[in-house]
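Report on one structure; see the data block that follows.
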Ligand code: DGI
Ligand code: FE
Ligand code: FE
Ligand code: FE
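In UniProt numbering, the protein residues as written are 13 to 200.
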């Protein structure tokens, strides 16, 4: 397996410096959330570091993988926003030799969520949303809720994301909608 240093170099080589810095902030935020929620801090850090590894790959790369790996064929109708997590996990597995399924699942779910998410997956989902450089209306509420309860943070984010997609007229990937339906009104 690659060392932490090697993984950092591999992520840096794939991304603009701006996006790489985001990955480092997600790593640090994920480590804090892990410590506060009894989750393996190292695992959370690695998943945070790697979560956007595939973000700058071409559409062609993702479309090929959707076909060759037998992923949900409906994925082809979406775009990088959905692909870099759901499909990008395949590249993390292959190129970075990450075999830990908990990490891969957290990366897969980091944009669209899932009706049932492990604590690690919830942490990566939230760390991406609330890392210190995030600046959108509601981010302070999101940070406060997440500190109180991971599940409250997840609920807030998916509600925010769905509203944003609908407001801009973007297609909603069915898993995103399923995440919303499962988490809204869910009692933690
Ligand atoms: O990769 P990041 O920019 O750090 O953040 P992200 O992975 O949470 O979000 C990537 C983008 O994906 C974001 O602009 C919202 C978009 N997205 C999330 N769910 C859906 C979606 N786009 C479409 N079209 N459909 C979805 O269901
Ligand atoms: Fe992302
Ligand atoms: Fe996100
Ligand atoms: Fe991200």
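The beta-carbon is built from N, C-alpha and C at its ideal position, and this holds for glycine as well.
Would the beta-carbon of residue i be found less than 7 Å away from any heavy atom of ligand 2?
i, result
"residue 71", "no"
"residue 117", "no"
"residue 172", "no"
"residue 16", "no"
"residue 123", "yes"
"residue 150", "no"
"residue 67", "yes"
For residue i, tell me which candidate among the options has the shortest Cα-Cα distance.
i, options, result
"residue 20", "46, 77, 64", "64"
"residue 165", "196, 147, 186", "196"
"residue 128", "188, 38, 67, 54", "188"
"residue 182", "66, 94, 82", "94"
"residue 136", "52, 29, 30", "52"
"residue 157", "134, 69, 30, 35", "134"
Can residue i be considered in contact with ligand 4, in the sense that its beta carbon sits closer than 7 Å to one or more heavy atoms?
i, result
"residue 34", "yes"
"residue 84", "no"
"residue 94", "no"
"residue 38", "yes"
"residue 64", "yes"
"residue 140", "yes"
Using only the heavy atoms of ligand 1, determine whether one of them is closer than 7 Å to the beta carbon of residue i.
i, result
"residue 29", "no"
"residue 147", "no"
Is it true that the CB of residue j sits closer than 8 Å to the CB of residue i?
i, j, result
"residue 91", "residue 123", "no"
"residue 170", "residue 41", "no"
"residue 32", "residue 38", "no"
"residue 27", "residue 138", "no"
"residue 48", "residue 103", "no"
"residue 130", "residue 117", "yes"
"residue 62", "residue 108", "yes"
"residue 99", "residue 77", "yes"
"residue 88", "residue 101", "no"
When the Cα atoms are used, what is the spatial distance from residue i to residue j?
i, j, result
"residue 144", "residue 172", "18 Å"
"residue 54", "residue 193", "31 Å"
"residue 17", "residue 56", "16 Å"
"residue 190", "residue 168", "15 Å"
"residue 185", "residue 149", "24 Å"
"residue 58", "residue 115", "8 Å"
"residue 86", "residue 105", "22 Å"
"residue 60", "residue 82", "26 Å"
"residue 180", "residue 80", "32 Å"
"residue 13", "residue 178", "42 Å"
Beta carbon of residue i: closer than 7 Å to some heavy atom of ligand 6?
i, result
"residue 165", "Of the ligands this structure carries, namely ligand 1, ligand 2, ligand 3 and ligand 4, none is ligand 6."
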